[in-house]
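Novice: Protein chains in written order, with the numbering used here: chain A, 1 to 413; chain B, 1 to 410. No residue lacks a Cβ here, since even glycine has one placed at the ideal position from N, Cα and C. Just dropping this structure here.
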Amino acid sequence: MTTTAERADFRFNWVDSFLLALRIAAIFVVVWGTVGALALGFVGEGLSGSAWKDLIVAGLAQGSMYGLIALGYSMVYGVLGFINFAHGEVFMAGAMVGFFVADYFFTSGLWVSNFVIAILIVLVVAVATSTFTAVLIEKVAYRPLRNSPRLIPLITSIGVSFFLQNAVLGLVGPAVKTYPQAPTWLSQKISVLGLQIEGTKLLVIVIAVVSMIGLWLFVERTKTGRAMRAVAEDKEIAALMGIDVDRTIVTTFAVGGAMAGVAGILWALLFRGVSFITGFLPGIKAFTAAVLGGIGNLVGAMAGGVLLGLFESLGPNVVLRGLRWEIPVSLGIAALAAGIGVAVLAWRRGRVSVASVAGALIMLGIAGIGQWSIVIPGLTQLKDVVAFSALVLVLIFKPSGLFGEQLADEDRA
Amino acid sequence: MRGRPNLFTDYESEMALFPTTTKRVAVALLLIFALLVPLGAIPGLSFLQESSWLVLINRALVFAIAALGLNLLTGVAGQVSLGHSFFMAVGAYTAVLLGGAPGKTVWGLELPIWIWLPAAGIAAAIIGIIVAPTAVRVRGLYLAFVTLGLVFIGLHLWRNFGKVAGGPTTGRPWPPLEFALWKGDPIISFANDGPWFGVQLTSDAKTYFFLLVAVILFTLVAKNLMRTRIGRAWAAIRDRDIAAEIMGVNEVRGKTQAFAISSFYAGIAGALFAVILGRLIPETWDLLLAVEFIAIILIGGAGTIAGTLLGTFFVVLIPRIVEDITFFFADQVANQGPLAWLGDLFIRKSPDDILGFVSTGAAGPGLSIFQLNVALFGVLIIVFLIAEPLGLYGIWIRVRNYWKGWPFTY
Chain A
1 MTTTAERADF RFNWVDSFLL ALRIAAIFVV VWGTVGALAL GFVGEGLSGS AWKDLIVAGL
61 AQGSMYGLIA LGYSMVYGVL GFINFAHGEV FMAGAMVGFF VADYFFTSGL WVSNFVIAIL
121 IVLVVAVATS TFTAVLIEKV AYRPLRNSPR LIPLITSIGV SFFLQNAVLG LVGPAVKTYP
181 QAPTWLSQKI SVLGLQIEGT KLLVIVIAVV SMIGLWLFVE RTKTGRAMRA VAEDKEIAAL
241 MGIDVDRTIV TTFAVGGAMA GVAGILWALL FRGVSFITGF LPGIKAFTAA VLGGIGNLVG
301 AMAGGVLLGL FESLGPNVVL RGLRWEIPVS LGIAALAAGI GVAVLAWRRG RVSVASVAGA
361 LIMLGIAGIG QWSIVIPGLT QLKDVVAFSA LVLVLIFKPS GLFGEQLADE DRA
Chain B
1 MRGRPNLFTD YESEMALFPT TTKRVAVALL LIFALLVPLG AIPGLSFLQE SSWLVLINRA
61 LVFAIAALGL NLLTGVAGQV SLGHSFFMAV GAYTAVLLGG APGKTVWGLE LPIWIWLPAA
121 GIAAAIIGII VAPTAVRVRG LYLAFVTLGL VFIGLHLWRN FGKVAGGPTT GRPWPPLEFA
181 LWKGDPIISF ANDGPWFGVQ LTSDAKTYFF LLVAVILFTL VAKNLMRTRI GRAWAAIRDR
241 DIAAEIMGVN EVRGKTQAFA ISSFYAGIAG ALFAVILGRL IPETWDLLLA VEFIAIILIG
301 GAGTIAGTLL GTFFVVLIPR IVEDITFFFA DQVANQGPLA WLGDLFIRKS PDDILGFVST
361 GAAGPGLSIF QLNVALFGVL IIVFLIAEPL GLYGIWIRVR NYWKGWPFTY
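Encoded structure:
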């Protein structure tokens, strides 16, 4: 029988059991939280309909910004196989220089009289700054380390990141620089597809989508893009095919930097405040987004960014708030019975993945009988924790990301 | 007497802790030097006796314990961890839960040091064992990010569990470093000034001796781990995990051991770090601290004990040296000393000074000395990784090999 043979092949050691337990716990928490949030909503203790929509829109806008930064990580990882920690600082540099130009336009009056031209010039300057920074970092710090083990450029990039942060701090000081107020017609709410979207957020989403499509066309349709894909696949063979590897890598950094520059202006539109530390957390989050979508995969990076933005805005407020819901005893007992039934069935068939769902149901049963409800302190600060928990779970259960990674064999997780 | 240096005629002498006479003499001299530091008995280096320097040296000793742990995990077993500060925090908070004084807003059991210090290590080790299975499934840089996630999850926990960690901005006091059999008067106290064997010592000096013994113990354990079965298994896993498994090394067990032992070191170091500082806020255990340890082992030389110790002292003491140099130049500029022209280049004298980017005050535009240090730290990491991948240890090996054969080239 095939099932026995499969079972014999399948090595189920304690690591797998541990990870399975972790998976069950994760599914359990998510299911409980989501159902709880819906149940609380029916009772009237949950979020109102407009609050839900606002959360979704905020998540989409922030997510598309993460997606743009994630593209840079994903491309560099695809080509060179290491995480460019300093990419967040590239993003910050663009936003920071953009601020000075915007501030100049504000004092000279152009910002108010002709906002579109002003923001376009700011965008160009920010993109140029970020591109230049990214290329410079590559030349100075990464090129000499091209052939060293992976860990070395990673740590170097942390060093670059510290250096850039403190260099900016030394140049402009620790205060948060606030972009001038965007004109009022931009902050009005516009109704799109039944969602009331603030103008800035809509603009952010549109710019992100346009940049993304542009990048996709560049990588898939141009000769340089083809060279980049070839170098990502195998540097040596690409060199043999007549591709200038060094130049392609510089192009990769430049394009990634340009995307980070665009993201910097989007950040400015969304949050307005920029300081020397601005790049750090978005940088790490963007890497999370890149992994979430499958590293080396451009569409995945963008989708991962949007997903992460949604997780961040919905996770604490929906799933974790939903944990306050006490599971009714009757539902708990029903779930316990169903869970045990599925588990027994799964065990007899030798299928482990079904058992995880069963485990979650069993937990639900126990929680229902025990009348648990959890109030987590500091819900609003939980954004970062949610993002990293998402990363940890993705890395453990689907390291190749939701959309599949596109890397050379040796780089795969 | 054997014939020529480095000729080992049997396995035992090759595997000995100190295989050559030179090494034995060097270690003995180093020990004597270390014992004399807080007494101010070394000519030319008596300033090390000062409290401000001894505090730094104590911190370096604590960091050395944590760095040895990370070196076992990252340098020997090849598992990159950016979560070392998380494990240190686990140790520190275990220590304060067991040893700290209870208050209105905080928990504490006031147990003696021989309970809370080992418990700090063991608690961290248990968390390490729980994290280890992910290392089996997740490799390389991905593992670095999983452990990085731990730091952020930990920070959230410490900020919100005031009963354990104290207020987010105030922290809570840690128990003093004193040895008692049970609650009551301590038998030996490292935390107050007083004479030992007729020599008047400050609390810093006493702490120094305690930490010195701890570092020597942990160094010996690390050294022995590295040259016995466990360490060799780790090195095999680091170099090629699949090949190691084919040779009969149990990968899961090896990685679990590496995480457990490394976390144990981190837990002990975290507890001691908190104790010698006395009071800590939750933000102490952030990513910068974790990266500092990665930098220590990379600057020192990954996978080497001597390099780790060198790297620790280098990284911990460099800020103080930079500070002294900066103040020296500021002084020169202010008093028009012979080196004032050099100081002019980078010390900020007035708010509209364009050239000067270093200000001696804490506020104001321009880099404060602390910020200058973080920037320098970044540059140092880059320079070391590009120019000398083996770190300080590599430089030392080159110097040693040059003098070994001197005046012949080889």
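Any beta carbon of chain A sitting closer than 8 Å to that of H84 of chain B?
Specialist: Within the second sequence, numbered from 1, the residue matching residue 84 of chain B stands at position 84. Judged by the 8 Å Cβ criterion, H84 of chain B is not in contact with chain A.
Novice: Kindly say whether V213 of chain B, judged by its beta-carbon, lies nearer than 8 Å to any beta-carbon of chain A.
Specialist: For this step, residue 213 of chain B is matched to residue 213 along the second sequence. By this cut-off, V213 of chain B is not an interface position.
Novice: So is F18 of chain B buried or exposed if we call it buried at 16+ other beta carbons inside 10 Å?
Specialist: On the second sequence, residue 18 of chain B is found 18 positions in, with the first residue counted as 1. Its Cβ having fewer than 16 others within 10 Å, F18 of chain B is exposed.
Novice: Is the shortest distance between the beta-carbon of I294 of chain B and the beta-carbons of chain A less than 8 Å?
Specialist: Translated into the one-based positions of the second sequence, residue 294 of chain B becomes position 294. Contact with chain A is found for I294 of chain B, since one of that chain's Cβ atoms lies less than 8 Å from the residue's Cβ.
Novice: Report the residues of the region 5-39 of chain B with a CB closer than 9 Å to any CB of chain A, ordered along the chain.
Specialist: none
Novice: Where does A5 of chain A sit, in a helix, a strand or coil, going by DSSP?
Specialist: For the purposes of this step, residue 5 of chain A is identified with residue 5 of the first sequence, where counting begins at 1. Residue placement at A5 of chain A cannot be trusted, given a pLDDT of 41 that sits under 50; the coordinates are not used to answer.
Novice: Ordered along the chain, which non-local residues of its own chain (more than five positions away) have a Cβ less than 6 Å from that of L310 of chain B?
Specialist: Taking the first residue of the second sequence as position 1, residue 310 of chain B is located at position 310. The answer, listed in chain order, is G300, L392.
Novice: Is it right to say F328 of chain B is buried, meaning 16 or more other beta carbons lie within 10 angstroms of its own, or is it exposed?
Specialist: Taking the first residue of the second sequence as position 1, residue 328 of chain B is located at position 328. Looking at its Cβ environment, which holds fewer than 16 other Cβ atoms inside 10 Å, F328 of chain B is exposed.
Novice: Between Y73 of chain A and F403 of chain A, how many whole angstroms is the CB-CB distance? I'm expecting something under 8 Å.
Specialist: The count along the first sequence starts at 1 and reaches residue 73 of chain A at position 73. The count along the first sequence starts at 1 and reaches residue 403 of chain A at position 403. The pair is not a contact, with the Cβ atoms about 15 Å apart (cut-off 8 Å).
Novice: What's the call for N317 of chain A, buried or exposed, on a 16-neighbour Cβ count within 10 Å?
Specialist: For the purposes of this step, residue 317 of chain A is taken as residue 317 along the first sequence, with counting starting at 1. The residue is buried, with at least 16 neighbouring Cβ atoms inside 10 Å.
Novice: Please say whether L71 of chain A and M363 of chain A have beta carbons closer to each other than 8 Å?
Specialist: Here residue 363 of chain A is taken as the residue at index 363 of the first sequence, counted from 1. Here residue 71 of chain A is taken as the residue at index 71 of the first sequence, counted from 1. It is not a contact, given that the beta carbons lie outside the stated cut-off.
Novice: How do the region 176-186 of chain A and the region 261-272 of chain A stand: do at least 3 beta-carbon pairs fall below 8 Å, yes or no?
Specialist: yes
Novice: By alpha-carbon positions, which one of B:G248, B:G278, B:V215 ends up nearest to Y265 of chain B?
Specialist: As a working mapping, residue 265 of chain B is identified with position 265 in the second sequence. Closest option to Y265 of chain B, Cα to Cα, is B:V215.
Novice: Any beta carbon of chain A sitting closer than 8 Å to that of I153 of chain B?
Specialist: For the purposes of this step, residue 153 of chain B is taken as the residue at position 153 of the second sequence. Yes, its Cβ sits closer than 8 Å to a Cβ of chain A.
Novice: Considering only their Cβ atoms, is the gap separating V80 of chain B from I127 of chain B smaller than 8 Å?
Specialist: Within the second sequence, residue 127 of chain B is the residue found at index 127, counting from 1. Within the second sequence, residue 80 of chain B is the residue found at index 80, counting from 1. Going by C-beta atoms, I127 of chain B is not nearer than 8 Å to V80 of chain B.
Novice: At least one CB of chain B closer than 8 Å to the CB of A424 of chain A: is that the case?
Specialist: Nothing about residue 424 of chain A can be reported from this structure: the residues present for chain A run from 1 to 413 only.
Novice: Is the CB of I381 of chain B under 8 Å away from at least one CB in chain A?
Specialist: On the second sequence, residue 381 of chain B is found 381 positions in, with the first residue counted as 1. Closer than 8 Å to some Cβ of chain A, the Cβ of I381 of chain B qualifies, so yes.
Novice: Does the structure place the region 155-167 of chain B close enough to the region 90-104 of chain B that three or more beta carbon pairs sit under 8 Å?
Specialist: yes
Novice: Sort out for me which residues DSSP pairs G167 of chain B with in a bridge.
Specialist: Translated into positions along the second sequence, residue 167 of chain B becomes position 167. Beta-bridge pairing links G167 of chain B to B:G171.
Novice: Would you call L382 of chain A buried or exposed, if buried means 16 or more other Cβ atoms sit within 10 Å of its Cβ?
Specialist: Residue 382 of chain A sits at position 382 when you count from the first residue of the first sequence. By the 10 Å Cβ count, L382 of chain A comes out buried.
Novice: Which word fits N224 of chain B, buried or exposed, when buried means at least 16 other C-beta atoms lie within 10 angstroms of its C-beta?
Specialist: Indexing the second sequence from 1 puts residue 224 of chain B at position 224. Burial call: exposed.
Novice: 8 Å is my cut-off, CB to CB: does F253 of chain A come that close to chain B?
Specialist: By one-based count along the first sequence, residue 253 of chain A stands at place 253. Not one chain B Cβ lies under 8 Å of F253 of chain A.
Novice: Whose CA, out of A:K235, A:N84, A:M212, A:V172, lies closest to the CA of M302 of chain A?
Specialist: Sequence index remark: in the first sequence, residue 302 of chain A carries index 302 (1-based). When only C-alpha atoms are compared, the closest one is A:M212.
Novice: The alpha helix (DSSP H) that contains L240 of chain A, what's its start and end?
Specialist: Translated into the one-based positions of the first sequence, residue 240 of chain A becomes position 240. 235-240 is the span of the alpha helix (DSSP H), which, as asked, contains L240 of chain A.
Novice: Rounded to whole angstroms, how far is the Cβ of L307 of chain A from the Cβ of G63 of chain A, which I believe are closer than 8 Å?
Specialist: Here the question's residue 307 of chain A lines up with position 307 in the first sequence. Here the question's residue 63 of chain A lines up with position 63 in the first sequence. With 8 Å as the limit, L307 of chain A and G63 of chain A qualify as a contact, their Cβ atoms being about 7 Å apart.
Novice: Tell me, please, whether the region 106-124 of chain B touches the region 248-255 of chain B by the rule of three or more beta-carbon pairs shorter than 8 Å.
Specialist: no
Novice: Below 8 Å on the Cβ atoms is my contact criterion, and I expect T312 of chain B with I294 of chain B to pass it. Report the Cβ-Cβ distance as a whole number of Å.
Specialist: The count along the second sequence starts at 1 and reaches residue 312 of chain B at position 312. The count along the second sequence starts at 1 and reaches residue 294 of chain B at position 294. So it is not a contact: roughly 12 Å between Cβ atoms.
Novice: Just to confirm my understanding: we take N250 of chain B, look at its own chain, exclude 5 residues before and 5 after, and list those with CB closer than 8 Å. What are they?
Specialist: Position 250 of the second sequence, counted from the start, is the residue given in the question as residue 250 of chain B. Within the same chain, N250 of chain B has close Cβ partners A233.
Novice: Distance check for K223 of chain A and W396 of chain B, CA to CA, integer angstroms please.
Specialist: Reading the second sequence from its first residue, position 396 is the one you call residue 396 of chain B. Reading the first sequence from its first residue, position 223 is the one you call residue 223 of chain A. Cα to Cα, the separation comes out at about 49 Å.
Novice: Taking just the CA atoms, how far does I197 of chain A sit from G307 of chain B?
Specialist: Looking up residue 307 of chain B in the second sequence gives position 307. Looking up residue 197 of chain A in the first sequence gives position 197. Between the alpha carbons of G307 of chain B and I197 of chain A lies a gap of roughly 57 Å.
Novice: Since Q200 of chain B is in the beta strand (DSSP E), which residue starts that stretch and which ends it?
Specialist: The residue given as residue 200 of chain B occupies position 200 in the second sequence. Where Q200 of chain B is concerned, the enclosing beta strand (DSSP E) stretches over 199-201.
Novice: Let me see if you follow: with CB-CB separation under 8 Å, is T71 of chain A close to chain B or not?
Specialist: Translated into positions along the first sequence, residue 71 of chain A becomes position 71. The question names Thr, but residue 71 of chain A is Leu in the sequence shown. Chain B contact via Cβ: absent.
Novice: Taking only runs that begin and end inside the region 3-60 of chain B, name each unbroken alpha helix (DSSP H) of 4 or more residues, in chain order.
Specialist: 11-15, 21-36
Novice: Quick one: list the residues of chain A neighbouring G149 of chain B, beta-carbon separation under 8 Å, in chain order.
Specialist: Counting from 1 along the second sequence, the entry for residue 149 of chain B is found at position 149. Going along chain A in sequence order, the residues near G149 of chain B (Cβ under 8 Å) are F388, S389, L391, V392.
Novice: Could you tell me whether any Cβ in chain A is nearer than 8 Å to the Cβ of A362 of chain B?
Specialist: Start at 1 with the first residue of the second sequence, and residue 362 of chain B comes out as number 362. Annotation note: pLDDT 49 at A362 of chain B (below 50); position unreliable, coordinate value reported separately. Answer no: the Cβ-Cβ gap between A362 of chain B and chain A never drops below 8 Å.
Novice: So with CB distances below 8 Å, who are the chain B contacts of V160 of chain A?
Specialist: Here residue 160 of chain A is taken as the residue at index 160 of the first sequence, counted from 1. Near V160 of chain A (Cβ distances below 8 Å), the residues of chain B are G378, I382.
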